[in-house]
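To start, the structure itself, in structure tokens.
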Amino acid sequence: MENFVQVKNIKIGEGIPKICIPLVAKTKEEFIENAKELTSFKFDLVELRIDYFQEVENIDAVKKLTKEIRNILKNIPILFTFRSFKEGGEKEISAEYYKTLNIEISKTGLVDLIDIELFTGDEIVNEMVKEIHENNIKIVMSNHDFHKTPEKDEIVKRLCKMQELKCDIPKIAVMPKTTADVLTLLTATEEMKRNHPSTPVITMSMGGLGVISRISGETFGSALTFGAAKKASAPGQVPVEELYTTLNILHNSK
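Going by the working numbering, the first residue of the sequence shown is number 125, and it counts up by one from there.
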């Protein structure tokens with residue numbers, strides 16, 4: 125039996141892939157307005173993309189914003205993410221501040237999961253994993269390649285490394301140049317599900333070519349997918365209403 129990760133009333137890794145909506149804005153007011161608009165959609169989690177926030181280097185401002193978002197979303201799980209510039213994010217910060225930001229937010233208890241990038245460096249990653257877990261927050265460990273799709277064995281190797289670093293959910297997103305690249309990602313996902321099922325995994329092939337990977341998670345083994353409510357945070361994200369309908373069609377046809 126596959127393992128799942130429970131956050132609030134959601135079991136990631138069980139049943140239909142969970143839908144996560146990225147929350148993207150520059151100012152506190154825009155974040156709050158966008159969060160309030162989410163109530164009309166069907167989804168499971170929200171990703172707070174804090175790298176877009178213009179005051180992200182002020183931890184107190186980040187904490188205040190996170191508290192306001194929590195108050196709006198009530199019992200909806202929140203994934204807190206600072207995506208680095210080199211992995212497709214909006215801003216670059218020092219590794220030391222990245223560590224401090226994630227640990228300090230974990231201490232507030234306002235979020236349910238925190239994204240940690242695999243290639244931040246093993247020493248810093250290990251420190252963050254230890255402290256964030258001590259604060260009873262789950263960890264999504266991630267890697268994003270916006271230039272290519274690595275070989276299948278390399279994708280599996282990176283996801284297994286994330287498991288070894290004691291994350292709760294490994295995640296990888298890659299860029300396809302051919303349909304064969306999309307198959308490479310899906311094959312690696314299926315191999316993780318079959319041979320390394322100690323955690324759920326999140327995988328996706330980006331861009332228009334990779335859209336199939338965002339809707340086929342229940343077949344191949346990706347436990348969560350990202351859908352756009354307004355502004356997409358990565359190329360190829362499907363509008364959330366269409367995503368919800370498609371996932372349910374695939375689930376009910378099993």
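Using N, Cα and C, we set each Cβ at its ideal position, and we do this for glycine too.
First and last residue of the alpha helix (DSSP H) that includes residue i?
i: residue 367; result: 364 to 376
i: residue 228; result: 219 to 232
i: residue 341; result: 341 to 344
i: residue 254; result: 246 to 258
I need the boundaries of the beta strand (DSSP E) containing residue i, first residue and last residue.
i: residue 329; result: 326 to 329
i: residue 277; result: Taken as a continuous stretch (DSSP letters only), residue 277 belongs to no beta strand (DSSP E), being part of the alpha helix (DSSP H) at 276 to 288.
i: residue 173; result: 169 to 173
i: residue 156; result: Premise fails: residue 156 lies in the alpha helix (DSSP H), 152 to 161, not in any beta strand (DSSP E).
i: residue 200; result: It is not in any beta strand (DSSP E) - residue 200 carries neither H nor E in the DSSP assignment.
Assuming residue i and residue j make a contact with CB atoms under 8 Å, what is their CB distance in whole Å?
i: residue 309; j: residue 337; result: 6 Å
i: residue 170; j: residue 225; result: Their Cβ separation, rounded to whole angstroms, is 18 Å, which puts residue 170 and residue 225 out of contact at 8 Å.
i: residue 305; j: residue 273; result: 4 Å
i: residue 159; j: residue 183; result: The Cβ separation is near 20 Å, so there is no contact.
Helix, strand or coil for residue i per DSSP?
i: residue 265; result: strand
i: residue 180; result: coil
i: residue 216; result: coil
i: residue 302; result: coil
i: residue 208; result: strand
What do you reckon, are the CB atoms on residue i and residue j nearer than 9 Å?
i: residue 329; j: residue 141; result: no
i: residue 235; j: residue 326; result: no
i: residue 283; j: residue 250; result: no
i: residue 301; j: residue 200; result: no
i: residue 211; j: residue 241; result: yes
i: residue 155; j: residue 189; result: yes
i: residue 165; j: residue 312; result: no
i: residue 143; j: residue 351; result: yes
i: residue 294; j: residue 137; result: no
Where DSSP assigns a beta bridge to residue i, which residues make up the other side?
i: residue 294; result: 265
i: residue 239; result: 264
i: residue 146; result: 171
i: residue 135; result: 130
i: residue 352; result: 363
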